[in-house]
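Numbering (this note's numbering), first residue to last: 424 to 751.
Note that the Cβ used here is the ideal one computed from N, Cα and C, for glycine as well.
If you're wondering where the values come from, they're calculated on a predicted model, not measured in any experiment.
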Amino acid sequence: MKIISIIGSGSWGVALAIHLAKLGNKIQMWSHSEEEKDLINNEKKCKFLPEAVIPQNVLATTSYKEAIDGSDFVIHVTPSKFTRETVREYKKYIKNQPIVICSKGFEKETMYTLDEVIQEEIPHAKIAVLSGPSHAEEVSIAIPTVLVVASKHDDVLKLVQDTFMCDKMRIYTSKDVKGVELGGALKNIIAFCAGVAAGIGLGDNTFAALITRGLAELSRLGVALGGQKDTLYGLSGLGDLIVTCLSEHSRNRRAGKLIGQGKSLEETKKEVGMVIESIDNIEVAHELGKIHHIEMPIVEAVYGILYRNLKPKEAVTMLMNRAKKDEN
C-alpha cells in the first residue's frame, strides 16, 4: 500500500484515483473547490464521471499540505495553463517525492512542455510523464487501458510501473520524456481537427487521412523539439491520436465538432464546460512550427479557422489543393 497525492480533481485525476484506490493505495487528492471536495468525500461521486463510484480510501482536501504530506509520490493532473501557478503553491511541501505528470499540453507563454515548467520550479524533483490512449470515462470503470511512463530515473519508472499495473492497466516504460510529453500535447490538435471534420459532415476516408497526415506533422515537430520518432509512433503519439480523434469522449474532438457546426469559440468553451487543451496548444504548435521551419499544413489550417476567420470547408479545400508531393 502506498500513499499517493493527486493534485487535481477533474475527470482524469478522479479516474486515476479510482484505479489506484482499487489496488489498495491511500489517495490524498487536492481539489481547487469546496464543492468538488465535498462531492468526492460525502457522495463518492465526480460530476464529470456519472457512472463512476469513488472508493472510500480516496480523501479530497483543498489543502496542498494535507494532500502531499507523507505521500510516496505526487500525480500532477491540473490543466496545462494552471500548471506553473499550481506548482508554485505546493512546491514547498515537496520533499523527495517524485512527480508524475498526467496533464497534457504546453505552457502558452513560454511554449515549454510541462516537465520543463515543473523542473524549472522544483529543480531537485524527479519527474515522470504518464501518457497514452486513455479516456477517464473508461479508466474509471476499469476498461483495460495501456499507457507509457517516461522518466530519466529508473527507480521512478519502476515505482510507477509497479504501482499502476494490474489486469486492467498495462504500463510500458520509456526514457524519452520529451517524446511522450509531445505526443500527448500535440495529438489534441489533430483531435480538434477531427471534430471540425465531423462537424462539417466529412467521412471515414477523411478521418483516416487526417490521422495519418496529422501524425506526420506532429512527429516532424516532435523530433525537432527533441522527441524520438518511435515514441511519437507509439502509445503517446499514434495511440493517443487514434482514441482522441475517433471517440465521442474526447472534449477536444467535441470542441472541434462545435466549431465545424458554426459555433463561436466562446460558445464552444461554454458548451464543453471543461478546459479544452487543444485551443491553446494550436497557438503554441503554430508558433513552434514557424520557429523550427516545420511544414505543418493541418496546424496552419486549423489556426486559420480559429484566428483568421477561415471557414472550415475552405480550409479543407485549401489542404486538398496543395502542391503535388511525394508521400515521404
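Asked, Found
"Please name the residue in Ile705, Asp599, His547, Lys736 whose C-alpha comes closest to that of glutamate 532.", "Ile705"
"For valine 481, does the three-state DSSP call read helix, strand or coil?", "strand"
"Hey, could you find the ends of the alpha helix (DSSP H) tyrosine 513 is sitting in?", "506–513"
"Please give me, in chain order, every unbroken run of the alpha helix (DSSP H) with length at least 4 that falls completely inside the region 716–741.", "720–730"
"Mind checking who phenylalanine 496 pairs with in its DSSP beta bridge?", "Ile427"
"Since I believe isoleucine 524 is in contact with leucine 537 (beta carbons under 8 Å), could you give me their beta-carbon distance rounded to a whole number of angstroms?", "5 Å"
"Taking the alpha-carbon of glycine 701 as reference, which of Lys713, Val476, Gly712, Leu729 has the nearest alpha-carbon?", "Note that residue 701 is serine in the sequence shown, not glycine. Here the closest residue by C-alpha is Leu729."
"Expressed to the nearest angstrom, what Euclidean distance is found between the alpha-carbon atoms of isoleucine 550 and phenylalanine 615?", "28 Å"
"Does the region 459–474 come close enough to the region 428–447 that 3 or more CB-CB pairs lie under 8 Å?", "yes"
"Report yes if the C-beta distance between valine 481 and isoleucine 463 is below 8 Å; otherwise report no.", "yes"
"Residues in its own chain within less than 6 Å of valine 698 by CB, not counting five upstream and five downstream?", "Pro502"
"Counting only runs that start and end within the region 550–580, where is the alpha helix (DSSP H) found for 4 or more residues in a row?", "559–562"
"Serine 597 lies in the alpha helix (DSSP H); which residues open and close that run?", "Here serine 597 belongs to no alpha helix (DSSP H); instead the beta strand (DSSP E) covers 592–597."
"Taking 8 Å as the threshold (C-beta atoms), are lysine 449 and isoleucine 426 in contact?", "yes"
"For the region 591–651, list the beta strand (DSSP E) runs that are entirely contained and at least 3 residues long, ordered along the chain.", "592–597"
"Which residue comes first and which comes last in the alpha helix (DSSP H) that contains isoleucine 705?", "700–714"
"Hey, glutamine 584 and threonine 596 are a contact pair by Cβ (cut 8 Å); roughly how many whole angstroms apart?", "6 Å"
"Let me confirm a value: threonine 740 is counted as buried when at least 16 other C-beta atoms fall within 10 Å, else exposed. Which label applies?", "exposed"
"Who does glutamine 451 pair with in a DSSP beta bridge?", "Ser428, Leu482"
"Please determine if the region 602–616 and the region 667–680 are in contact, where contact requires at least 3 C-beta pairs separated by less than 8 Å.", "yes"
"Is glycine 683 near alanine 621, with beta carbons less than 8 Å apart?", "yes"
"Excluding the 5 residues preceding and the 5 following serine 574 in the sequence, name in chain order all residues of the same chain whose CB lies nearer than 6 Å to its CB.", "Ala551, Leu580"
"Determine the DSSP secondary structure at phenylalanine 529, reduced to helix, strand or coil.", "strand"
"To the nearest angstrom, how far is it from the Cα of asparagine 751 to the Cα of valine 666?", "25 Å"
"So is glutamate 746 buried or exposed if we call it buried at 16+ other beta carbons inside 10 Å?", "The question names glutamate, but residue 746 is alanine in the sequence shown. That one is exposed."
"Among Pro556, Thr485, Lys652, which residue has its Cα nearest to the Cα of isoleucine 594?", "Pro556"
"Kindly indicate which three-state DSSP category valine 437 falls into: helix, strand or coil?", "helix"
"Quick check: what's the CA-CA separation for leucine 641 versus leucine 655?", "8 Å"
"Among Ser456, Leu664, Thr484, Gln651, which one has its Cα closest to the Cα of alanine 608?", "Leu664"
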